[in-house]
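Only one structure is covered here, and it is reproduced in the block below.
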Amino acid sequence: MLFPSWAFLLFLAVLVPVYFLVPKRIQWIVLLIANAVFVCIAGLLGAVFMAVTVATVYGATRFFDASFARQRETLAAMKATHTKEERKRKRLSFERRRRLVLIAALVVNIGILFVLKYGAAIGRITAGIFGTKAFGQDLALTMGISFYTFSTVGYLLDVYRESIPAERNPLKLALFTSFFPLLVQGPITRFETVGKSLTAPHSFDGKRFLSASLRIAWGYWKKLIVADRLLVAVKALCAKPDVYRGDFIFVEMLLYAACLYADFTGGIDITIGVGEMLGVTVEENFFRPYFSKSIAEYWRRWHITLGEWFKRYVYYPLSVSKPMRDLSKATRKLGAGVSRRVPVYLATILVWALTGAWHGSNLTFLVWGILNGVVILLSEELKPLYARFHARFPKLTESTFYRGFTVIRTVLLLSSLRILDCYGTVREAFSSFFSMFTTWNWGAVFRGGVQSLGLTYTDYAIAAFGVLAMFTLSMVQRKGAIRPRILKRGTVFSVCVLLVLIGTILLFGRYGFGFDASQFIYNRF
Amino acid sequence: MKRKLLTVGGVLLACIVFFGALYAASRLVAPKYHDTLTEGHLTGEYYRETTDHDVLFIGDCEVFEHFSPVTLYNEYGITSFIRGGAQQLVWHSYYLLEDALKTETPKVVVYNVLALKYGEPQSEAYNRLNLDGMRWGAAKIGAIGASMTEGEDFMSYVFPLLRYHDRIDKLTKEDLAYWFSDGEPVSFKGYVMHTGVNPATETPQERYDPKLPGSSMEWLSKMADLCEEKGVSLVLIKSPSIWPVWHPEWDAEIEAFAKSRGLRYDNMIAENDAIGVDLQTDTYDQGQHLNVDGAEKLSRWFGAVLRDAYGLTDHRGEAVYDADYARLTERYEQEKQRLRSEEH
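Protein chains in written order, with the working numbering: chain A, 1 to 525; chain X, 526 to 869.
Here you go:
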């Protein structure tokens, strides 16, 4: 069920009143049923995989809880009668069993994701090596599996670390895993926030409903007016790497930057808005990312929940792991700087390689991820140089001009890296990117070039207006959230804003017969 | 309390303005079918009729370009209307007939069988031409349900803005001229006039299934049931065009169907000599459709058939019909003159 579909709007139109009309104690059950319907409509196989995730994570986390309780009781009982060494051995035996269960649960859940995500690619590679028929070519990601797997694995690890207690009711865990707006393109959520919010009773609040409607409408606005319009041109540019080269690639970079922003943030706006409508708090996934002054800052503001997940569950544990500590020790003789850097470098590159791999099985994603890591590490290394430059030219570096320059530099840098996202092979992507520096063809771009991309000048004008609107709102947002300010001006004003958004979507959005109802770009990840 | 009332009033007013603006936008972007793609105007023109009809024609271009209600009236006093449409498929025809039979009961319904060769919805564009002008009711809902092709959705029929919003940058003077008005009729009681001459040449050969699709025959059967229920005589015809080809196997199947249901079936292709249609002079597109001369000849011949077979009343001399057809005849002759002078 696509967000931009009548089916989804109808689904929401039925769910919301039912949710608030039933007694509060069964609201979460209504939501669970709605999730089940949503998941089953998306495909029964997906429902089966999700059930496996819920069952294994529930079993494992309940085991951890029980194991911690038994461990505490046993160790307390042993305190008077056993030596410290014996107690340690006992503790380690508990830990070993928990680790085994954790590994088993991770293998099942990450395994399902791995097979669905990389099965077809592995099949092709194997076929290439052994000359056999490629297996697994019909394997495909099921709805939301990349997102809910990471959310539930996060929960699994939190319980394993005893950061949070295990949920006793498997249906509540199922509710967290299957919350339908999150299945489209995330964000990756945490059980102690979203999970608790999902099961809490909620009353209908007209103001909250209006606020949520505004956010949902703004999400659709970005998706249907800007993203889906620009996607036509981006697809046309990517489809013919032999034809569209040189300055066309610069145009592609900019169009894709705007398109992806509108698409991803639009989808997340709808997700958060739907959650808000039901009284469920969903984490923010963006914080004006295109205002970042460096790639590292950008990644703290774009797809925040994925970055946080990797930081919390991969980067930190990896950085302080025994092999890393050993490696750091081993490289001490090469100097303190090297010894300090090696684990950080390795962990950073590994996390970025995994981030790339999370996006897809294509090698382009892996290279994209590693390059992001490399740029971040390079920036870290160049920090002293920047500091000297800042000290030398304090007036310049504090000026608006310089801040604007760093923002534009960051956008161009990340857009350059994103070229890898647009093409099927690394070679095609690099060849297209570097053609920008060898082929000067602005004339061709503006003499019919942009018109050949499936959009009319009116489309470009509408998209430009949309981009300008997004930029203006982001500027205004720097002084505080916009929706509370709209709501503060009264219900009538808020309703008018909502109606203007809906009206412009209906008139200028790309939807309906003759347009591809396009899924969100991040849905394919 | 006062504040609450003001808020409710304000919201209501905003909604009224919003829906008003949407309605206006919807009317603006919807195709007007008046100066271009005029076939889309035909369905709606039926509702402008102020008098009943003895004969109702339904079917595709082989009815709305082949029969002249003006000739039928002026020659025989037969009152008629053509509820035809471009590529009007049998389920379109069925529901347009059902819609018409809600407000009138003609003595005869004439259905042209060519479209029976299509058993599945063909094209969204033709669905729109046939259904956009239809009055809302159970018949239209049924027609939409039966007609939708892949990718179409019901909502866009209810709210045309959802379908036509992409015309916002393609608006023409026609859209402004007929924004809130339907303008003059483009047809003459459903008849669309052509005056050109383009002689028939060879008949193109095509591969075909010797059996008509079961689904279209089912719809035909439903149409026969509907007419029977309403006490209307259903007449099946194949108008005298030589292409698209009407194959002998199809002809035999319709013949057998008509016989089994006790219906009249006239395959007019074989009657060209009797009708007087000469496909060297009476067609404007090489034998596919008739021009006005051909349509008048066919109407003269078929009018006599209908009058004799069904004893239709001669309404000439009845003031209400005379006045209606006098106005129509005047416009009809003017149009004929205009088109002919344009050709020269």
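Here a beta-carbon is modelled for each residue, glycine too, at the ideal position from N, C-alpha and C.
> DSSP beta-bridge partners for Arg341/A?
Replying inline: Counting from 1 along the first sequence, the entry for residue 341/A is found at position 341. Partner(s): none; Arg341/A has no beta bridge.
>> In the DSSP assignment, the beta strand (DSSP E) including Phe705/X goes from what residue to what residue?
In response: Along the second sequence, read from residue 1 onward, the residue named residue 705/X stands at position 180. Unbroken run through Phe705/X: none, as it is neither H nor E.
> Leaving out five residues before and five after Leu547/X in sequence, what residues of the same chain have Cβ atoms less than 7 Å from its Cβ?
Replying inline: For this step, residue 547/X is matched to residue 22 along the second sequence. Only Leu686 meet the Cβ criterion.
>> Quick check on Glu610/X: does DSSP put it in helix, strand or coil?
In response: Position 85 of the second sequence, counted from the first residue, corresponds to residue 610/X. The sequence as given places Gly at residue 610/X; Glu does not occur at that position. Of the three classes helix, strand and coil, the one that applies to Gly610/X here is coil, per DSSP.
>> Among the candidates Glu564/X, Leu597/X, Ile583/X, Gly609/X, whose CA atom is the shortest distance from the CA of Tyr846/X?
In response: In the second sequence, residue 846/X corresponds to position 321, counting from 1. Comparing Cα positions, the closest option is Leu597/X.
>> By the three-class DSSP mapping on this structure, what secondary structure does Tyr619/X have?
In response: Numbered from its first residue, the second sequence carries residue 619/X at position 94. Residue state, collapsed to three classes: helix.
>> Here's the rule I'm using: 16 or more other beta-carbon atoms within 10 Å means buried, otherwise exposed. How should Ser785/X be labelled?
In response: The residue labelled residue 785/X in the question sits at position 260 within the second sequence. Ser785/X should be labelled exposed.
>> Going residue by residue through the region 697 to 746 of chain X, where are the continuous alpha helix (DSSP H) segments of at least 4 residues, counting only ones entirely within it?
In response: 698 to 702
> Which same chain residues, not among the five before or five after Phe310/A, have their C-beta less than 7 Å away from its C-beta?
Replying inline: Along the first sequence, read from residue 1 onward, the residue named residue 310/A stands at position 310. Val351, Leu354, Thr355, listed in sequence order.
>> When you compare the CB positions of Val52/A and Pro170/A, do they come within less than 9 Å of one another, or not?
In response: Counting from 1 along the first sequence, the entry for residue 52/A is found at position 52. Counting from 1 along the first sequence, the entry for residue 170/A is found at position 170. Taking 9 Å as the Cβ cut-off, Val52/A and Pro170/A do not qualify as a contacting pair.
>> The alpha helix (DSSP H) that contains Ser415/A, what's its start and end?
In response: The residue you call residue 415/A lines up with position 415 of the first sequence. Element bounds for Ser415/A: 400 to 422.
> Grouping DSSP H, G and I as helix and E and B as strand, with all else coil, what is Tyr315/A?
Replying inline: Mapped onto the first sequence, residue 315/A falls at position 315. In this structure, Tyr315/A counts as helix in the three-state DSSP scheme.
> In the DSSP assignment, what are the bridge partners of Ile110/A?
Replying inline: Counting from one through the first sequence, the residue named residue 110/A turns up at place 110. Ile110/A pairs with nothing; no bridge assigned.
> What residues are listed by DSSP as bridge partners for Lys763/X?
Replying inline: For the purposes of this step, residue 763/X is taken as the residue at position 238 of the second sequence. Lys763/X is bridged to Asn792/X.
> Could you give the residue range of the beta strand (DSSP E) that holds Tyr636/X?
Replying inline: Sequence index remark: in the second sequence, residue 636/X carries index 111 (1-based). Note, Tyr636/X: beta strand (DSSP E), 633 to 637.
>> Quick check on Leu531/X: buried or exposed, where buried means 16 or more other Cβ atoms within 10 Å of its Cβ?
In response: Looking up residue 531/X in the second sequence gives position 6. Counting Cβ neighbours within 10 Å, Leu531/X comes out exposed, since fewer than 16 surround it.
>> Would Gln27/A and Pro201/A be called neighbours here (beta carbons separated by less than 9 Å)?
In response: Counting from one through the first sequence, the residue named residue 27/A turns up at place 27. Counting from one through the first sequence, the residue named residue 201/A turns up at place 201. Yes.
>> Strictly below 7 Å CB to CB, what residues from chain X border Trp531/A?
In response: Here chain A covers residues 1 to 525 and nothing more, so residue 531/A does not appear.
>> Across the region 486 to 506 of chain A and the region 256 to 267 of chain A, are there enough close Cβ pairs to call them in contact, namely three or more that are closer than 8 Å?
In response: no
>> For Ser203/A and Leu32/A, what's the separation of their Cα atoms in angstroms?
In response: On the first sequence, residue 203/A is found 203 positions in, with the first residue counted as 1. On the first sequence, residue 32/A is found 32 positions in, with the first residue counted as 1. Roughly 17 Å separates the two Cα atoms.
> So Val580/X is in the beta strand (DSSP E); what residue range does that whole segment cover?
Replying inline: Here residue 580/X refers to the residue found at position 55 when the second sequence is read from its first residue. Start and end: 580 to 584.
> Residue range of the alpha helix (DSSP H) that Phe679/X falls in?
Replying inline: Stepping through the second sequence from its first residue, residue 679/X is reached at position 154. Where Phe679/X is concerned, there is no enclosing alpha helix (DSSP H), given that its DSSP letter is neither H nor E.
> Is the Cβ of Leu547/X closer than 9 Å to any Cβ of chain A?
Replying inline: For the purposes of this step, residue 547/X is taken as residue 22 along the second sequence, with counting starting at 1. Chain A contact via Cβ: present.
>> At the level of alpha carbons, what is the spacing between Ser211/A and Thr400/A?
In response: Along the first sequence, read from residue 1 onward, the residue named residue 211/A stands at position 211. Along the first sequence, read from residue 1 onward, the residue named residue 400/A stands at position 400. Between Ser211/A and Thr400/A, the C-alpha separation is close to 33 Å.
> Taking 9 Å as the CB-CB cut-off, is Thr563/X touching chain A?
Replying inline: Residue mapping note: residue 563/X aligns to position 38 of the second sequence, counting from 1. Answer no: the Cβ-Cβ gap between Thr563/X and chain A never drops below 9 Å.
> Looking at the C-beta of Tyr511/A, does it have a partner C-beta in chain X at a distance below 9 Å?
Replying inline: Here residue 511/A is taken as the residue at index 511 of the first sequence, counted from 1. Output row for Tyr511/A: interface = yes.
> Taking buried to mean at least 16 other C-beta atoms within 10 Å of its own C-beta, is Glu590/X buried or exposed?
Replying inline: Here residue 590/X refers to the residue found at position 65 of the second sequence. So Glu590/X counts as buried.
> Applying a beta-carbon distance threshold of less than 8 Å, which residues of chain A neighbour Asp691/X?
Replying inline: Numbered from 1 along the second sequence, position 166 holds the residue referred to as residue 691/X. Chain A residues near Asp691/X: Arg510, Gly512, Gly514, Phe515.
>> Just to check my reading of the structure: Met742/X and Ile762/X have Cβ atoms closer than 8 Å, yes? What is that Cβ distance to the nearest angstrom?
In response: To locate residue 742/X, count along the second sequence from 1; it is residue 217. To locate residue 762/X, count along the second sequence from 1; it is residue 237. Not confirmed; about 16 Å, so no contact.
>> Using 9 Å as the threshold, is the C-beta distance between Asn652/X and His690/X below it?
In response: Position 127 of the second sequence, counting from 1, holds the residue named residue 652/X. Position 165 of the second sequence, counting from 1, holds the residue named residue 690/X. Not closer than 9 Å, so no.
>> Measuring CB atoms only, is the region 295 to 314 of chain A touching the region 498 to 514 of chain A, in the sense that at least three cross pairs come out at less than 8 Å?
In response: no
> Any idea what DSSP makes of Leu815/X, helix, strand or coil?
Replying inline: Residue 815/X sits at position 290 when you count from the first residue of the second sequence. In this structure, Leu815/X counts as strand in the three-state DSSP scheme.
> Does Cys40/A have its Cβ less than 9 Å from a Cβ in chain X?
Replying inline: Position 40 of the first sequence, counted from the first residue, corresponds to residue 40/A. False, the Cβ-Cβ gap to chain X never drops below 9 Å.
> Between Glu821/X and the rest of its own chain, which residues show a CB-CB distance below 7 Å, the 5 nearest in sequence each way excluded?
Replying inline: In the second sequence, counting from the first residue as 1, residue 821/X sits at position 296. Cβ within range, chain order: Ser593, Thr596.
> Mind checking Phe827/X: buried by the 16 CB within 10 Å criterion, or exposed?
Replying inline: For the purposes of this step, residue 827/X is taken as residue 302 along the second sequence, with counting starting at 1. Flag for Phe827/X reads buried.
>> So that I know if they touch, is there some Cβ in chain A lying closer than 9 Å to that of Cys540/X?
In response: Counting from one through the second sequence, the residue named residue 540/X turns up at place 15. With 9 Å as the cut-off, Cys540/X counts as an interface residue toward chain A.
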